[in-house]
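S.K.: Which chain is which? The protein sequence lines are A and B, in order.
So the mapping is simple: the numbering used here equals the position in the first sequence, first residue as 1, plus 83.
So the mapping is simple: the numbering used here equals the position in the second sequence, first residue as 1, plus 2.
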Amino acid sequence: MLFHSIDFAIFLPIVFILYWFVFKRRRWQNLLIVMASYLFYGWWDWRFLLLIAVTSISSFSCGILIERHDTNKKIQRAISAFNIILNLLILCFFKYFNFFIESIVQLFSSIGIKLDWVTIQIILPVGISFYTFQALSYTIDIYQKKQKATKDVIEFLAYISFFPQLVAGPIERATHLLPQFQTERRFSYPQAVDGARQMLWGFFKKLVIADNCGSIVDIYWNYHEILSGPTLVLIAILFSFQIYCDFSGYSDIAIGCARLFGINLMRNFNNPYFSRNIAEFWRKWHISLTTWLRDYIYVPLGGNRCSPLRVTRNIFIIWGISGLWHGANWTFVCWGLYHAVLLSIHHLMKASGATLFSRLPHHSKHVTSIPKVIFTFGLTTIGWVIFRAHDIKEASSYLMALFTHPYIHRGFIDGKKWFVAGIVLLSIEWIQRNRQHALDFSDKNLFRYRIARWIVYYALITCILNFSASNHTFIYFQF
Amino acid sequence: MKSVIRFIIICLLFFSPIALYYSLKTFWLLKDDKYKLSIHGSEVYHAIDKSKKKTTYKKLILGDSTAKQFYDSEEKDTADFYALCCSQAIGIIGQYFLLNNYLNAGNRPDTVYLVYNPLSFADNLDQVYTYHYFLKPFYRSEYKPLFTQCARYQIHKIPKYWACQFPYILTSGWAPLIEQEQRGYSFISPVSREYLQKIDSLSYHYHFVFKILPSLTAEHWKSRIKSFNHQEFADYRFKDKLSAYLNQITYLPDSCFIDSVHLKSPELYRQAIDRKLRLR
């Protein structure tokens, strides 16, 4: 079920009313969340439910077993390893089986050996990478004694399958989300209103900005070989806007929706396109994944506290995994490695005390930030070109065209107004950067008057109803 | 509990002006079919209305948007031909319905041309705009008896197909997300094949010559078109027509196209196309 579908518009009010009026007790509310989440997820394909159930039950049982064998570290490790391997096997089979087979066949054919291995048709369950990582973090946390295993299966199923964040995150940690299912929830009017506002902002970002940018990118991307330099730059920037508004829009809807049920989810984006360097960008983009990778892979590998060579190795491991996590395609791996290169350079420069913009005058922090922000945005946009391409050949041909095609202005295509709209949206978010989201009117000012707030809401709804290009799913669903 | 009720009341109050506005707007648009001019696919409604008129033209041109660049059904017709070209999203099935309307109106053309992009035959009612361009105008009692089992099967795969005639949906720009299926064919879809056969049958029944002509195509698509599997239509009566169609495609450099499908300056090629159709 998509957030921007009629199905969800019917589903959400029904679940909301049942949650607060019928299933008033905590355990019943958790049960309702599980049923609603399974209905939400099964709406795509009921067979997906089997997978999420296996992942959940395995992690739940392993959690209890790890805690039960508190004194025997070896058994604990074996159980933890079993759960990790099982979940990764499921993930790898559904997401990477064909990719690996095709890659091996290609590799061997390049050295003249012909393999007759066949790929099989596998449907990729939506959001499998998200809930698998969430399940993995639970057992790892128990193993590391950061989290107590829950004995209540319903509460655990609710934690894994909570429908607002089930298919595209934020990837929650048990330490943050599980306790919320273990305590009574009280309806808070300000929290619910703020959640609804955040949902509205998310819908606006997704349906108006992301989808319209996406429509233009989809049309022109395939013809990059014949487009001029400025047009290619514009298309690449529009894709940067699309992916941000699509994914952060989803996160806003998810966080806002969860707040209607008295649940707080972690923040997933924090104005990433205003970052002054690539490391800062990754602290602000898809925060839940970056922190997951940092805590469960990067830090155990040694993190930053080792020799520069090992730090570089760690960065490459993390970003290789991050690339593969995003999808079974070499473009994602290359995109991950591209960021690994950028981060390694950044780290080495930082370690040696060198900076790219050291010669800029230090009059004003904001003024000197502008070239840094533009430079970082340019680097990430190049990364998005690799990310968006269907294969490496397409990525390299686009990048080549981006730098070699004539920079003669032949008149931009229809994208100009959405470019401006994207800039305006980012600026609004920047102005509201110290708040939870762009429509957070907590410190009032003019917005202490309901009429002023409602004018803003109606304006956004008018834009959604009149300018939405409704034929796009969320980009991150495929991951 | 009071605060939940308060929240629900505020939400209802907030959304009621929007609901009221859209109800009134829908009512206004439905009156005198004004919605046909304002929504996606207005050209299809125009073509449908036009297809039901009695005329004396002997040459009828059907086609997709590439044909519409030359023979726009929304422009005044010349003395030579009558054009019913509109978007490819109506599919060959939609072209059949337009032709059927035209014949049922008592018109008796001697030649019917289908000017079509080689890539458009693959439309299996699974396009992004199928809901707006095909379902809303054609999924009506008037056309339902003309649906084959294959077409009905495809239509039933479209999400919320049953809701397409609901007043609010019919008059709005809303459409569900249609995800294209993995295709087991390269050139012509099962639905297109069936309805091309039906058009062919009409030509025998009403004694007109039915010609399928390719629109000007970008070089970009050449290799893909060359790889089309001719076995997909090998068993059909119109196989020779389709083979000839594929053989007479004229390729132009990619730079002549806006989006590799539609020409930047169609007026430059108008005479050549007219000659091909023997309109001059």
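We treat Cβ as the ideally placed atom computed from N, Cα and C, and that holds for glycine.
(1) Give every residue of the same chain whose Cβ lies closer than 6 Å to the Cβ of A/Phe91, excluding the five residues on either side of it in the sequence, and list them in chain order.
(2) In its own chain, which residues sit with a C-beta less than 8 Å from the C-beta of A/Trp513, not counting the 5 before and 5 after it?
(3) Taking C-alpha atoms, which residue in B/Phe235, B/Ile251 and B/Gly43 lies nearest to B/Lys224?
(4) Between the beta-carbon of B/Tyr170 and the beta-carbon of B/Tyr98, is there less than 8 Å?
(5) B/Ile63 and B/Cys88 - do their beta-carbons sit closer together than 8 Å?
(6) Does the distance from the CB of A/Asp335 to the CB of A/Trp408 come in under 8 Å?
(7) Assuming B/Gly96 and B/Phe140 form a contact by the criterion Cβ under 8 Å, report the distance between their Cβ atoms to the nearest whole angstrom.
(8) Please tell me whether A/Ala279 and A/Gly339 are closer than 8 Å, where the distance is taken between their beta carbons.
(9) Per the contact definition of three or more C-beta pairs closer than 8 Å, is the segment 223–240 of chain A in contact with the segment 258–267 of chain A?
(10) Taking C-beta to C-beta, are A/His87 and A/Lys289 nearer than 8 Å?
(11) Could you work out which residue in A/Arg109, A/Gly461 and A/Val137 is closest to A/Leu321 when comparing CA atoms only?
(12) Identify, in the order they occur along the chain, each residue of the same chain with its Cβ nearer than 7 Å to the Cβ of A/Pro208, setting aside the five sequence neighbours on each side.
(13) Between which residues of its own chain and B/Ser44 is the CB-CB distance below 8 Å, once the five residues before and five after are set aside?
(14) Taking the beta strand (DSSP E) that B/Lys213 belongs to, which residues open and close that run?
(15) Return helix, strand or coil for B/Ile63, following the three-state DSSP convention.
(16) Here's the rule I'm using: 16 or more other beta-carbon atoms within 10 Å means buried, otherwise exposed. How should B/Glu234 be labelled?
(17) Using DSSP with H/G/I as helix, E/B as strand and the rest coil, what is B/Asp82?
(18) Using three-state DSSP, classify B/Val114 as helix, strand or coil.
(19) Select from A/Arg160, A/Ala275, A/Ser311 and A/Ala293 the residue whose C-alpha is nearest the C-alpha of A/Leu485.
(20) Helix or strand or just coil, what does DSSP make of B/Arg282?
(21) Find the nearest neighbour of B/His232 within the set B/Pro120, B/Gly175, B/Glu181 and B/Asp128, judged by alpha-carbon distance.
(22) Is B/Ile11 near B/Val46, with beta carbons less than 8 Å apart?
(23) Classify B/Leu26: buried if its beta carbon has 16 or more other beta carbons within 10 angstroms, exposed otherwise.
(24) Measure from the C-beta of B/Pro160 to each C-beta in chain A and report whether the shortest distance is under 8 Å.
(25) Could you work out which residue in A/Gly386, A/Ser271, A/Tyr379 and A/Gly195 is closest to B/Arg8 when comparing CA atoms only?
(26) Would A/Ile292 count as contacting chain B if we go by Cβ distances under 8 Å?
(27) Residues of chain B with a CB under 7 Å from the CB of A/Trp103: which are they?
(28) Using DSSP with H/G/I as helix, E/B as strand and the rest coil, what is A/Thr395?
(29) Grouping DSSP H, G and I as helix and E and B as strand, with all else coil, what is B/Ala220?
(30) Exposed or buried, what is B/Arg282 when buried is set at 16 or more other beta-carbons lying within 10 Å of its beta-carbon?
(31) Apart from the five residues on each side of it in sequence, which residues of its chain come closer than 7 Å, Cβ to Cβ, to A/Leu425?
(32) A/Ala275 versus chain B: which residues are under 7 Å apart at the beta carbon?
(33) According to DSSP, what are the bridge partners of B/Tyr253?
(34) Grouping DSSP H, G and I as helix and E and B as strand, with all else coil, what is A/Ser551?
(35) Is there a Cβ of chain B sitting closer than 8 Å to that of A/Val300, yes or no?
(36) Do B/Asp112 and B/Phe210 have their beta-carbon atoms positioned less than 8 Å apart in this structure?
M.R.: So, from the listed chains and residues:
(1) On the first sequence, residue 91 of chain A is found 8 positions in, with the first residue counted as 1. The residues are Met84.
(2) The residue you call residue 513 of chain A lines up with position 430 of the first sequence. For A/Trp513, where only same-chain residues beyond five positions count, the Cβ hits under 8 Å are Asn354 and Phe357.
(3) As a position in the second sequence, residue 224 of chain B is number 222, starting the count at 1. Closest option to B/Lys224, Cα to Cα, is B/Ile251.
(4) For the purposes of this step, residue 170 of chain B is identified with residue 168 of the second sequence, where counting begins at 1. For the purposes of this step, residue 98 of chain B is identified with residue 96 of the second sequence, where counting begins at 1. In this structure, B/Tyr98 does not lie closer than 8 Å to B/Tyr170 by Cβ.
(5) Locating residue 88 of chain B in the second sequence gives position 86, where the first residue counts as 1. Locating residue 63 of chain B in the second sequence gives position 61, where the first residue counts as 1. No.
(6) For the purposes of this step, residue 335 of chain A is taken as the residue at position 252 of the first sequence. For the purposes of this step, residue 408 of chain A is taken as the residue at position 325 of the first sequence. No, the Cβ-Cβ distance between A/Asp335 and A/Trp408 is not below 8 Å.
(7) Translated into the one-based positions of the second sequence, residue 96 of chain B becomes position 94. Translated into the one-based positions of the second sequence, residue 140 of chain B becomes position 138. Going by Cβ atoms, the distance from B/Gly96 to B/Phe140 rounds to 6 Å, so yes, they are a contact pair.
(8) The count along the first sequence starts at 1 and reaches residue 279 of chain A at position 196. The count along the first sequence starts at 1 and reaches residue 339 of chain A at position 256. In contact: A/Ala279 and A/Gly339 (Cβ atoms closer than 8 Å).
(9) yes
(10) Here residue 87 of chain A is taken as the residue at index 4 of the first sequence, counted from 1. Here residue 289 of chain A is taken as the residue at index 206 of the first sequence, counted from 1. Contact: yes.
(11) By one-based count along the first sequence, residue 321 of chain A stands at place 238. Selected option, being the one with the closest Cα: A/Gly461.
(12) Taking the first residue of the first sequence as position 1, residue 208 of chain A is located at position 125. Within the same chain, A/Pro208 has close Cβ partners Phe131, Leu134 and Phe177.
(13) Translated into positions along the second sequence, residue 44 of chain B becomes position 42. Counting only Cβ-Cβ distances below 8 Å, and skipping sequence neighbours, we find Lys38.
(14) Numbered from its first residue, the second sequence carries residue 213 of chain B at position 211. It spans Val211 to Pro216 - the beta strand (DSSP E) in which B/Lys213 sits, taken as one unbroken run.
(15) Residue 63 of chain B sits at position 61 when you count from the first residue of the second sequence. Here B/Ile63 sits in strand by DSSP.
(16) The residue you call residue 234 of chain B lines up with position 232 of the second sequence. Counting Cβ neighbours within 10 Å, B/Glu234 comes out buried, since at least 16 surround it.
(17) Translated into the one-based positions of the second sequence, residue 82 of chain B becomes position 80. Residue state, collapsed to three classes: coil.
(18) Walking along the second sequence from the start, residue 114 of chain B turns up at place 112. Residue state, collapsed to three classes: strand.
(19) Position 402 of the first sequence holds residue 485 of chain A. Of the listed residues, the one whose Cα sits closest to A/Leu485 is A/Ser311.
(20) By one-based count along the second sequence, residue 282 of chain B stands at place 280. Reliability fails at B/Arg282, whose pLDDT of 48 lies under 50, so the model's placement of it is uncertain and the value that follows must be treated cautiously. DSSP places B/Arg282 in coil when its eight states are reduced to three.
(21) Numbered from its first residue, the second sequence carries residue 232 of chain B at position 230. Nearest C-alpha to B/His232: B/Pro120.
(22) Start at 1 with the first residue of the second sequence, and residue 11 of chain B comes out as number 9. Start at 1 with the first residue of the second sequence, and residue 46 of chain B comes out as number 44. The answer is no: Cβ separation not under 8 Å.
(23) Along the second sequence, one-based indexing puts residue 26 of chain B at 24. The residue is exposed, with fewer than 16 neighbouring Cβ atoms inside 10 Å.
(24) The residue given as residue 160 of chain B occupies position 158 in the second sequence. Checking the sequence shown, residue 160 of chain B turns out to be Ile, not Pro. No, B/Ile160 lies away from the interface with chain A (no Cβ there is under 8 Å from its Cβ).
(25) Counted from its first residue, the second sequence places residue 8 of chain B at position 6. Looking at the Cα atoms, A/Ser271 is the closest of the given residues.
(26) Your numbering for residue 292 of chain A matches position 209 in the first sequence. Taking Cβ atoms only, chain B never reaches closer than 8 Å to A/Ile292, which makes this a no.
(27) Here residue 103 of chain A is taken as the residue at index 20 of the first sequence, counted from 1. Under the 7 Å cutoff, chain B gives Val6.
(28) For this step, residue 395 of chain A is matched to residue 312 along the first sequence. The answer is helix: DSSP assigns A/Thr395 an H, G or I state.
(29) On the second sequence, residue 220 of chain B is found 218 positions in, with the first residue counted as 1. Three-state DSSP puts B/Ala220 in a strand.
(30) On the second sequence, position 280 is the one that residue 282 of chain B refers to. Residue confidence for B/Arg282 is low, a pLDDT of 48 falling below 50, so the modelled location carries little weight and cannot support an answer.
(31) One-based indexing of the first sequence puts residue 425 of chain A at position 342. So the list reads Ile361 and Leu462, once near-sequence residues are dropped.
(32) Locating residue 275 of chain A in the first sequence gives position 192, counting from the first residue. The contacting residues are Phe9.
(33) Taking the first residue of the second sequence as position 1, residue 253 of chain B is located at position 251. Beta-bridge pairing links B/Tyr253 to B/Thr219.
(34) The count along the first sequence starts at 1 and reaches residue 551 of chain A at position 468. In the structure shown, A/Ser551 sits in coil (DSSP, three-state: anything other than H, G, I, E or B).
(35) In the first sequence, residue 300 of chain A corresponds to position 217, counting from 1. No, its Cβ sits nowhere closer than 8 Å to a Cβ of chain B.
(36) Locating residue 210 of chain B in the second sequence gives position 208, counting from the first residue. Locating residue 112 of chain B in the second sequence gives position 110, counting from the first residue. Yes, they are a contact pair.
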